[in-house]
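Participant: FYI, the numbering for the sequence shown is 1 to 83, going by the working numbering. Just so you know, even glycine gets a beta-carbon here, dropped at the ideal spot from N, CA and C. Here the structure is a predicted model, which means the values were calculated and not measured. Input: one structure, supplied below.
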Amino acid sequence: MTSKEKKTGQSAESTDIQIDRLAYLGTVITVLGYALSAIAEGLELKALEQQKEENFSSSELTKLHEQMDELTKEVRQLRRMLR
Numbered sequence: 001m002t003s004k005e006k007k008t009g010q011s012a013e014s015t016d017i018q019i020d021r022l023a024y025l026g027t028v029i030t031v032l033g034y035a036l037s038a039i040a041e042g043l044e045l046k047a048l049e050q051q052k053e054e055n056f057s058s059s060e061l062t063k064l065h066e067q068m069d070e071l072t073k074e075v076r077q078l079r080r081m082l083r
C-alpha cells in the first residue's frame, strides 16, 4: 500500500467517523425533542385535568346554590303558613 492510498484510507475513515458523530448528535437531539414534547403533553394534560376539576366544582356550586334557593323558598312558605 502506498502512502497516498494510506492517506485516502485514513481520510475515508475520518469522514466515516465524522458522519457517525453527526448521526449520533442528530439522534441525541431527536431524543431530547421527544422528551420535551412528552413533558409538554404532560403539562397540558395536567392543566386540562385542573380545568375539568374547576368546572366540576363550579357546577357543584351552582347546584348547591339552586338547592339553597329552594330551601329558602320553602322556609318562607312555612313562615307564612305559621302566621
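In this structure, does DSSP put SER76 in helix, strand or coil?
Facilitator: Note that residue 76 is Arg in the sequence shown, not Ser. Helix.
Participant: Alpha carbon to alpha carbon, how far is GLN50 from ILE39?
Facilitator: If you take the alpha carbons of GLN50 and ILE39, they lie about 17 Å apart.
Participant: According to DSSP, is ARG21 helix, strand or coil?
Facilitator: Here ARG21 sits in helix by DSSP.
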